[in-house]
Amino acid sequence: MAASVALSACSGGTDPSSAGSSTSVPAEATFNTADITFAQSMIPHHEQAVEMADLVADRSNNPDVLDLAGRIQAAQGPEIDVLNGWLNSWGAISSDDTSGMAHSGMSGMMTEDDMSSLETASGVDFDRMWLQLMLEHHTGAVGMAQTEIADGEDPAAIALAQDIQSSQGAEITEMEQLLQSLSTQ
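Positions in the sequence shown are counted from 1; adding 1 to them yields the working numbering.
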């Protein structure tokens, strides 16, 4: 019962901004280890994407890269809160105090060396490197989302995974196009 009450605060489906709505989750709502793994893994993954996006404003003049970074921040920041809420309601250990760099072996995660290189780059060189690394990062997130869709039980977690698969899949295509346009510069 406590899980269903706590989940009701996070049942915003694919719209993280509605995570605080009063929509109720049925008492029979269930979750499994795949749901927990998805949330625990996606939190540091999203944290690193936000950290990467935070670098863009000071290092890029490309309006398309700046726009993409802003959209990544706007989407993934609230999703982190939703994922942490689920873990709390499920009685699972949160990834709140884990660093994204501690998970560099996770699919698509940057290493400390990658991050250092990105932090020292600027201009078109930064744009290329950022797009290449974020493309790999998104590819890893899409794979994690596909696993949740296939193996998860929680309807809200599956819905978020479907949204991640769709939105980040579209951003992958966008990044590939941006990289192609930068290859002529």
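For glycine and all other residues, C-beta sits at the position ideal for the given N, C-alpha and C.
All of these numbers come straight from a predicted model, not from anything done at the bench.
What does the Cβ neighbour count give for residue i, buried or exposed, with the cut at 16 atoms within 10 Å?
{"i": "glutamate 172", "result": "buried"}
{"i": "serine 61", "result": "buried"}
{"i": "glutamine 41", "result": "buried"}
{"i": "glutamate 80", "result": "buried"}
{"i": "proline 64", "result": "exposed"}
{"i": "alanine 103", "result": "Reliability of the predicted coordinates at alanine 103 is poor, the pLDDT of 47 falling under 50, and the value obtained from them is presented with this limitation in mind. Alanine 103 is exposed by the Cβ-count criterion."}
{"i": "isoleucine 94", "result": "exposed"}
{"i": "glutamine 186", "result": "exposed"}
{"i": "valine 66", "result": "buried"}
{"i": "proline 27", "result": "Unreliable positioning characterises proline 27 in this predicted model, as indicated by a pLDDT of 45, which lies under 50. A coordinate reading is not provided."}
Taking only beta-carbon positions, decide if residue i is within less than 8 Å of chain D.
{"i": "proline 156", "result": "Considering every chain present, this structure includes no chain D. It has just one protein chain."}
Contact check, residue i vs residue j under 8 Å by CB: the rounded distance?
{"i": "isoleucine 165", "j": "alanine 142", "result": "6 Å"}
{"i": "leucine 136", "j": "methionine 176", "result": "5 Å"}
{"i": "methionine 107", "j": "histidine 47", "result": "Not quite, the Cβ-Cβ distance comes to about 12 Å (not below 8 Å), so this is no contact."}
Measure from the alpha carbon of residue i to the alpha carbon of each residue in the options, then state which is nearest.
{"i": "tryptophan 131", "options": "Met145, Met116, Gly144 and Thr140", "result": "Met116"}
{"i": "isoleucine 37", "options": "Gly124, Gly86, Ser123 and Gln163", "result": "Gly86"}
{"i": "leucine 183", "options": "Gly78, Ala58 and Val125", "result": "Val125"}
{"i": "leucine 161", "options": "Leu84, Gln74 and Asp128", "result": "Leu84"}
{"i": "alanine 35", "options": "Leu119, Ala75, Gln147 and Asp68", "result": "Gln147"}
For the alpha helix (DSSP H) holding residue i, just list the boundary residues, first then last.
{"i": "glycine 58", "result": "Inspection of the sequence shows that residue 58 is occupied by alanine rather than by glycine. Its alpha helix (DSSP H) spans residues 57-60."}
{"i": "aspartate 114", "result": "113-121"}
{"i": "isoleucine 73", "result": "64-91"}
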